[in-house]
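Peer 1: Starting off with a structure, shown below.
Number of protein chains: 2
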Amino acid sequence: MKLAEAKQQFISSWGAFGTHWGINRTMAQIHALLMVSPDPITQDDLMEQLDISRGNVNMNIRELITWGLVDRVILPGERREYFTAEKDIWKVATQIIKERKKRELDPMLKLLSQLEKIEGDKKDKKTKQFVDTVSSIKKLGLQADKTLDVMIKADENWFLGGLVKIFK
Amino acid sequence: MKLAEAKQQFISSWGAFGTHWGINRTMAQIHALLMVSPDPITQDDLMEQLDISRGNVNMNIRELITWGLVDRVILPGERREYFTAEKDIWKVATQIIKERKKRELDPMLKLLSQLEKIEGDKKDKKTKQFVDTVSSIKKLGLQADKTLDVMIKADENWFLGGLVKIFK
DNA sequence: AAATATTTTCAAAATATTTTGAAAGTTCAA
DNA sequence: TTGAACTTTCAAAATATTTTGAAAATATTT
């Protein structure tokens with residue numbers, strides 16, 4: 005397989021993969037292309053290589069920037085903006101974990117705490133099942149929250165090298 | 005807050021939550037309702053309580069069954085089918101992890117292995133960046149794969165009680 | 001076997017999401 | 001300050017996904 009073909013496959017699969025994770029296809033594809041591009045590239049490059057409109061590129065690039073996965077780069081003497089993606093995959097992963105935790109896990113835990121405090125007779129079967137379900141989800145969520153915090157703080161080598169041994 | 009209101013909130017939030025995870029809103033809502041229902045319920049109950057059509061319920065219930073999160077129950081002397089959800093949240097989590105690993109992680113790792121074997125000069129900057137990116141994603145993916153396998157095999161108490169201490 | 005109850009299917013309709021592209025906005029060199 | 005180069009916005013169009021509901025299939029009872 006040649007580079008061009010492999011690149012296409014990677015971009016296309018990464019896009020499909022992204023849709024399973026609540027990320028839109030194009031955003032994931034832009035991210036994929038930027039990750040395999042050694043040097044910063046422009047919006048026009050992205051438009052051409054992914055065959056999408058200017059507005060689409062602009063929108064999704066900005067979203068990637070708010071996720072902390074892509075940076076704007078100003079090349080000296082150049083008028084146009086260039087873009088580049090974080091290449092360290094560990095940093096990419098922790099960045100994504102950090103953001104999703106903030107956007108999804110934290111609000112969910114907050115809600116579950118509210119719902120636990122429901123008024124009603126604990127002897128009632130329906131009430132009991134509700135509280136039990138909500139509490140156990142919250143418990144698991146809190147655990148995940150702590151575990152992810154540790155992961156975020158840990159450095160790449162510790163994770164890649166050491167974690168499995170601990171788990172074994 | 006009363007039970008009815010809390011239940012509504014839980015179902016609705018769980019649905020919204022699900023969409024961030026590639027699960028459709030209705031499927032997540034059905035799952036939520038079944039989780040807080042102490043006894044098995046029918047398709048008609050789901051239709052009424054969630055205000056959705058029969059076909060919709062049927063489709064999503066079957067999907068939940070293939071995910072291993074919901075079971076058909078035949079009550080003795082009853083003609084209609086009833087449905088019930090796994091209530092042990094640890095089992096729910098491991099089941100979801102198991103399925104997503106199979107559906108998403110495994111195929112992705114397979115693809116990345118293919119893409120690594122690209123023909124081309126490693127001294128070429130573009131080729132190098134491509135191989136580096138693909139390899140490091142694969143490495144992280146393999147690690148996640150192993151870690152998740154260990155989690156799936158571990159029992160609930162070990163995870164809920166012991167894991168954090170190890171991480172600290 | 002016929003009637004009745006229940007479940008499944010799936011084409012069409014409804015809804016939601018993504019994409020486009022042209023106009024408006026911004027920046028900057030001359 | 002002007003105008004060319006570039007970026008951003010956003011309403012409308014295109015596309016994708018979800019939902020409906022009635023008909024077909026299946027199962028159960030009489």
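Residue numbers (the working numbering), protein chains in the order written: chain B, 5 to 172; chain F, 5 to 172. Even glycine gets a Cβ: it sits at the ideal position worked out from N, Cα and C.
Given 8 Å as the limit, is there contact between the segment 113 to 123 of chain B and the segment 9 to 29 of chain F, that is, 3 or more CB pairs closer than that?
Peer 2: yes
Peer 1: Using DSSP with H/G/I as helix, E/B as strand and the rest coil, what is Ile-27 (chain B)?
Peer 2: coil
Peer 1: In three-state terms, what does DSSP make of Ala-32 (chain B)?
Peer 2: helix
Peer 1: Quick one: which chain B residues come within Cβ less than 7 Å of Ile-93 (chain F)?
Peer 2: The answer, in chain order, is Ser-140, Ile-141 and Leu-144.
Peer 1: By the 8 Å beta-carbon criterion, what residues does the segment 62 to 74 of chain B contribute toward chain F?
Peer 2: Contact residues of the segment 62 to 74 of chain B toward chain F are absent (C-beta to C-beta distance below 8 Å).
Peer 1: Helix, strand or coil for Glu-90 (chain B), going by three-state DSSP, please let me know.
Peer 2: coil
Peer 1: Are at least three pairs of beta-carbons, each pair with one atom in the segment 61 to 81 of chain B and one in the segment 21 to 38 of chain B, less than 8 Å apart?
Peer 2: yes
Peer 1: Name the chain B residues that come within less than 8 Å of Phe-87 (chain F), Cβ to Cβ?
Peer 2: Neighbours of Phe-87 (chain F) on chain B: none; closest Cβ ~15 Å, over 8 Å.
Peer 1: Give the residues from the segment 35 to 56 of chain F that approach chain B closer than 9 Å (Cβ to any Cβ), ordered along the chain.
Peer 2: Those residues of the segment 35 to 56 of chain F that come within reach of chain B (Cβ to Cβ, closer than 9 Å) are Ala-36, Met-39, Val-40, Ser-41, Pro-42 and Asp-43.
Peer 1: Applying a beta-carbon distance threshold of less than 7 Å, which residues of chain F neighbour Glu-123 (chain B)?
Peer 2: Met-5 and Lys-6
Peer 1: Looking at the strands, I want to know which residues DSSP matches up with Ile-78 (chain B).
Peer 2: B:Glu-85
Peer 1: What are the boundary residues of the alpha helix (DSSP H) that includes Phe-144 (chain B)?
Peer 2: Going by the sequence as given, residue 144 (chain B) is Leu instead of Phe. Its alpha helix (DSSP H) spans residues 129 to 157.
Peer 1: Going by DSSP in three states, Ile-45 (chain F) sits in which element: helix, strand or coil?
Peer 2: strand
Peer 1: If the cut is a Cβ gap below 8 Å, which residues of chain F does Ser-17 (chain B) touch?
Peer 2: Result: Met-112 and Leu-115.
Peer 1: For Glu-67 (chain F), I'd like the list of residues in its chain whose CB is within less than 7 Å of its CB, leaving aside the five on either flank, ordered along the chain.
Peer 2: The beta carbon of Glu-67 (chain F) sits closer than 7 Å to the beta carbons of Met-31 from its chain, once the five residues preceding and following it are set aside; these are given in chain order.
Peer 1: Hey, quick one: how far does the alpha helix (DSSP H) through Met-63 (chain F) stretch, first residue to last?
Peer 2: 58 to 70
Peer 1: What number of angstroms, rounded off, separates the C-alpha of Gly-59 (chain B) from the C-alpha of Ser-140 (chain F)?
Peer 2: 31 Å
Peer 1: Looking at the structure shown, is Lys-121 (chain F) part of a helix, part of a strand, or coil, going by DSSP?
Peer 2: coil
Peer 1: For Arg-76 (chain B), which residues from the same chain have a beta carbon less than 8 Å from its beta carbon, with the 5 sequence-adjacent residues on both sides left out?
Peer 2: Cβ within range, chain order: Ile-69, Glu-85, Tyr-86 and Phe-87.
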